[in-house]
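Chemist: Using the numbering used here, the first residue of the sequence shown is number 232, and each one after it goes up by one.
Cβ atoms here follow ideal geometry from the backbone N, Cα and C, with glycine treated the same way.
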Amino acid sequence: MKKHLAGKVVVITGAGRGLGKALAEAFSAEGASLVLGARTSIEIDELAARLPNTIAVQTDVRLPRDVDRLVEAAMAEFGRVDVMINNAGLAIYGPVDDTTPDAVDAMIDTNVKGVIYGSQAAFRAMKAQRSGLIVNISSIAGKLHLPNEAVYNASKWAVNGFTGTLRLEAAKFNVKVSCVCPGGIDTPFWKAMDFYPFPEGIDPGRDFMSPEEVAQTVLEMALKSDRYVVPEVVMVPLL
Ligand SMILES: NC(=O)c1ccc[n+]([C@@H]2O[C@H](COP(=O)([O-])OP(=O)(O)OC[C@H]3O[C@@H](n4cnc5c(N)ncnc54)[C@H](OP(=O)(O)O)[C@@H]3O)[C@@H](O)[C@H]2O)c1
Numbered sequence: 232m233k234k235h236l237a238g239k240v241v242v243i244t245g246a247g248r249g250l251g252k253a254l255a256e257a258f259s260a261e262g263a264s265l266v267l268g269a270r271t272s273i274e275i276d277e278l279a280a281r282l283p284n285t286i287a288v289q290t291d292v293r294l295p296r297d298v299d300r301l302v303e304a305a306m307a308e309f310g311r312v313d314v315m316i317n318n319a320g321l322a323i324y325g326p327v328d329d330t331t332p333d334a335v336d337a338m339i340d341t342n343v344k345g346v347i348y349g350s351q352a353a354f355r356a357m358k359a360q361r362s363g364l365i366v367n368i369s370s371i372a373g374k375l376h377l378p379n380e381a382v383y384n385a386s387k388w389a390v391n392g393f394t395g396t397l398r399l400e401a402a403k404f405n406v407k408v409s410c411v412c413p414g415g416i417d418t419p420f421w422k423a424m425d426f427y428p429f430p431e432g433i434d435p436g437r438d439f440m441s442p443e444e445v446a447q448t449v450l451e452m453a454l455k456s457d458r459y460v461v462p463e464v465v466m467v468p469l470l
């Protein structure tokens, strides 16, 4: 069967587990070469060993030099970057007045600055190529106001704002920029929590989207014609 992304190079942050891992598997199945970044080497190394034409580069998206190194690794190994997926992100939920400075820093540095640094690094390479697609993984939390998610909301609204403006700047270089705003996805994201923002009785395993379903939607964005861009995709479970 024809692989639609053979010869294409895809860089994914936060690729070790959850949505990032599903993205890696979905893009690999379409023949793409992959450059995977995350802080936990063992997870991305395992994926790189299993998926063809895949390398892993330990990356902390909060550090611009790490993100630059990730994109440089793609250029050095494969000579180009066709798709950059800024996926790394985290949430620490709770009432605004209980949110510690460390929690604020973690969410803003990872979710906002990480996306900005990743977009900058990829855009520099894509601008020179005169082609490429940047997909920033936002959230439905970037469209709504949700109690106990104020800083996470703020971080994802920032991602949407940044992505929209970069899309306008990038268009004249034939570079497409989009964001995806998913509702709940059943990933390890929720296992790291001690405060859940959703009502009791909601079971992520039963009620949320699977990471594979969201990854498939991102993949479809990369398969669209070069003649237009889909600025934003919002997808939510049927709750
Ligand atoms: N799960 C949901 O319900 C949901 C809904 C909407 C949007 N999202 C968004 O979807 C994205 C992926 O979430 P997920 O559910 O897959 O989360 P996850 O299962 O917790 O995985 C997050 C990934 O991001 C990586 N990461 C975290 N901080 C990082 C950093 N500083 N540098 C590099 N990598 C980092 C993690 O690896 P290391 O810790 O090893 O670095 C991990 O690979 C996030 O942007 C999240 O906000 C999730």
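Take the Cβ of N405 as the centre, count every other Cβ of all protein chains shown within 10 Å, and call the residue buried at 16 or more, exposed below.
Modeler: Along the sequence shown, one-based indexing puts residue 405 at 174. Flag for N405 reads exposed.
Chemist: Buried or exposed: Y196, going by 16 or more other Cβ atoms within 10 Å of its Cβ?
Modeler: The chain is shown only over 232 to 470; residue 196 falls outside these bounds and no answer can be derived.
Chemist: Kindly examine ligand 1 and report whether one of its heavy atoms sits closer than 7 Å to the Cβ of S370.
Modeler: For this step, residue 370 is matched to residue 139 along the sequence shown. Yes; taking the cut-off as 7 Å, the Cβ of S370 has a heavy atom of ligand 1 nearer than that.
Chemist: To the nearest angstrom, report how far apart D417 and G249 are at their CA atoms.
Modeler: Numbered from its first residue, the sequence shown carries residue 417 at position 186. Numbered from its first residue, the sequence shown carries residue 249 at position 18. About 8 Å.
Chemist: Does the beta-carbon of F420 have 16 or more other beta-carbons within 10 angstroms, so that it is buried, or is it exposed?
Modeler: The sequence position of residue 420 within the sequence shown is 189, counting from 1. So F420 counts as buried.
Chemist: Could you spell out where the alpha helix (DSSP H) holding M452 opens and where it closes?
Modeler: Counted from its first residue, the sequence shown places residue 452 at position 221. 442 to 453 is the span of the alpha helix (DSSP H), which, as asked, contains M452.
Chemist: Within 8 Å, do at least three Cβ pairs link the stretch 453 to 466 to the stretch 396 to 412?
Modeler: yes
Chemist: Could you tell me the distance, in whole angstroms, from the CA atom of A381 to the CA atom of M232?
Modeler: Along the sequence shown, one-based indexing puts residue 381 at 150. Along the sequence shown, one-based indexing puts residue 232 at 1. Looking at the two C-alpha atoms, the distance is approximately 46 Å.
Chemist: Going straight from the alpha carbon of T448 to that of G395, what length do you get?
Modeler: Position 217 of the sequence shown, counted from the first residue, corresponds to residue 448. Position 164 of the sequence shown, counted from the first residue, corresponds to residue 395. Cα to Cα, T448 sits roughly 19 Å from G395.
Chemist: Given this structure, state the Cα-to-Cα distance separating I365 from Q289, to the nearest angstrom.
Modeler: Residue 365 sits at position 134 when you count from the first residue of the sequence shown. Residue 289 sits at position 58 when you count from the first residue of the sequence shown. I365 and Q289: Cα-Cα distance of roughly 20 Å.
Chemist: Could you pull the DSSP bridge partners for G363 from this structure?
Modeler: Your numbering for residue 363 matches position 132 in the sequence shown. Answer is V406.
Chemist: Near K422, what residues of its chain come up, given a Cβ to Cβ distance below 8 Å and the 5 sequence neighbours on each side ignored?
Modeler: Taking the first residue of the sequence shown as position 1, residue 422 is located at position 191. Closer than 8 Å at the Cβ level, and outside the excluded window around K422, lies no residue.
Chemist: Any idea what DSSP makes of T396, helix, strand or coil?
Modeler: Walking along the sequence shown from the start, residue 396 turns up at place 165. In this structure, T396 counts as helix in the three-state DSSP scheme.
Chemist: Taking the alpha-carbon of A246 as reference, which of A385, L265, M306 has the nearest alpha-carbon?
Modeler: As a first step, residue 246 must be located in the sequence shown, where it is residue number 15. Looking at the Cα atoms, L265 is the closest of the given residues.
Chemist: Would you check if the stretch 351 to 363 and the stretch 293 to 302 touch, i.e. whether three or more CB-CB distances between them fall below 8 Å?
Modeler: yes
Chemist: For Y427, count neighbouring Cβ atoms within 10 angstroms of its own Cβ and tell me buried if that reaches 16, exposed if not.
Modeler: Taking the first residue of the sequence shown as 1, we reach residue 427 at position 196. So Y427 ends up on the exposed side.
Chemist: Please classify T341 as buried or exposed, where buried requires at least 16 other C-beta atoms within 10 Å of its C-beta.
Modeler: As a first step, residue 341 must be located in the sequence shown, where it is residue number 110. Under this definition T341 is a buried residue.
Chemist: For ligand 1, any of its heavy atoms closer than 7 Å to the Cβ of A446?
Modeler: Working through the sequence shown from its first residue, we reach residue 446 at position 215. No, ligand 1 has no heavy atom inside 7 Å of this Cβ.
Chemist: How far does the alpha helix (DSSP H) with G436 in it reach, from first residue to last?
Modeler: If you number the sequence shown from 1, residue 436 lands on position 205. Its alpha helix (DSSP H) spans residues 435 to 438.
Chemist: Where does G268 fall in DSSP's three states?
Modeler: As a working note, residue 268 is residue 37 in the sequence shown. Strand at G268.
Chemist: What did DSSP end up calling E380 once you bin it into helix, strand or coil?
Modeler: As a working mapping, residue 380 is identified with position 149 in the sequence shown. DSSP places E380 in coil when its eight states are reduced to three.
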